[in-house]
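Enquirer: In our numbering, the protein residues as written are 613 to 880.
Every residue gets a Cβ at the ideal spot worked out from N, C-alpha and C, and that includes glycine.
Values in this document were obtained by computation on a predicted structure and should not be read as measured data.
Right, I'll just put the structure down here and ask away after.
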């Protein structure tokens, strides 16, 4: 019994061999090896205008509030000159050697810059990828509608993705889908070119057309058109009509696909 008790004591409290170190010394060694923790400093915004003593260059080229060149100054003298006039020293070209600084009202200069940036963003037009979906069994009338949509998208400066969806045994007639894609491209050759030729991806065929002209910003003055309303007096727009037509077409195709699958299962 004493032997068993001594064994439990040795397992629970092993003898100190002198090789283990205290937790405090381990933390101290790790801290010295790693070094002091650095404070996180976000990168400065390159578009932000630096003013007065935030300008880091020792010498700057100074322009007064009227745009007249005053010459090179030490940064301390340039800041003092701006303060004597009750204005700020604003760094307008930091990449120049020496940097160009202007004596001006910083608040007003920042407001004018924000207005210019907002106007530039407003005039900037984002090119989008519009999709036109057809089927091998699409008739000539519906194909003409798809051509009109493609021409409108290209005229607006957007790319057009023509998608031909095959179903069941239609995969054996891929040449029909290629002919439809090339027909749409031929009808739109005055507005766009083929960027990606027809190719298969699973059960679908894709072709991408790119516009030949750059997109133009929309004019702020639009002609007033008579509004179309439904039976409840709500306005019906062209976009809503097209979306409803596309959704109805997709639902019809899905129903036809399910019916065809059921027919094939029964015949098999």
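1. With distances taken from CA atoms, which of 753, 751, 769 is nearest residue 740?
2. Exposed or buried, residue 670, counting other C-beta atoms within 10 Å across all chains shown (16 or more means buried)?
3. Would you mind giving the Cβ-Cβ distance between residue 807 and residue 821, rounded to the nearest angstrom? I have them listed as a contact below 8 angstroms.
4. How close, in whole Å, do the beta carbons of residue 683 and residue 674 come, if the pair is a contact with beta carbons under 8 angstroms?
5. Comparing alpha-carbon positions, which option in 694, 728, 668, 800 lies nearest residue 705?
6. How would you label residue 719, buried or exposed, when you count the other beta carbons within 10 angstroms and need 16 or more for buried?
7. What residue range does the beta strand (DSSP E) around residue 713 cover?
8. Closer than 6 angstroms by C-beta to residue 751: which residues in its own chain qualify, once you throw out the five before and the five after it? Chain order, please.
9. Tell whether a beta-carbon distance below 9 angstroms holds between residue 776 and residue 762.
10. Measuring straight from C-alpha to C-alpha, what distance separates residue 773 and residue 702?
11. With a threshold of 16 other CB atoms inside 10 Å of the CB of residue 689, please say whether the residue is buried or exposed.
12. Measuring only the C-alpha atoms, how far is residue 833 from residue 731?
13. If distances are taken between C-alpha atoms only, which option among 714, 694, 790 comes closest to residue 680?
14. State the Cα-Cα distance for the pair residue 802 and residue 814, rounded to the nearest angstrom.
15. Using the three-state DSSP reduction, which class does residue 705 fall into: helix, strand or coil?
Expert: Judging by the given coordinates:
1. Comparing alpha-carbon positions, the option among 753, 751, 769 lying closest to residue 740 turns out to be 769.
2. Burial check for residue 670: the Cβ neighbour count within 10 Å stays below 16, so the residue is exposed.
3. Rounded, the Cβ-Cβ distance is 6 angstroms, consistent with contact.
4. Contact between residue 683 and residue 674 holds, with the beta-carbon distance rounding to 7 angstroms and staying under 8 angstroms.
5. Nearest C-alpha to residue 705: 668.
6. Result: exposed.
7. Run containing residue 713: 712-716, per the beta strand (DSSP E) assignment.
8. Cβ within range, chain order: n/a, list empty.
9. No, the pair does not count as a contact, with Cβ atoms beyond the cut-off.
10. Here the alpha carbons of residue 702 and residue 773 stand approximately 49 angstroms from one another.
11. By the Cβ neighbour-count rule, residue 689 is exposed, with fewer than 16 other Cβ atoms within 10 Å of its own.
12. Residue placement at residue 833 cannot be trusted, given a pLDDT of 48 that sits under 50; what the coordinates show is reported in the next sentence. About 16 angstroms.
13. With distances taken between Cα atoms, residue 680 lies closest to 714.
14. Straight-line spacing of the CA atoms in residue 802 and residue 814 works out to 31 angstroms.
15. Three-state result, residue 705: strand.
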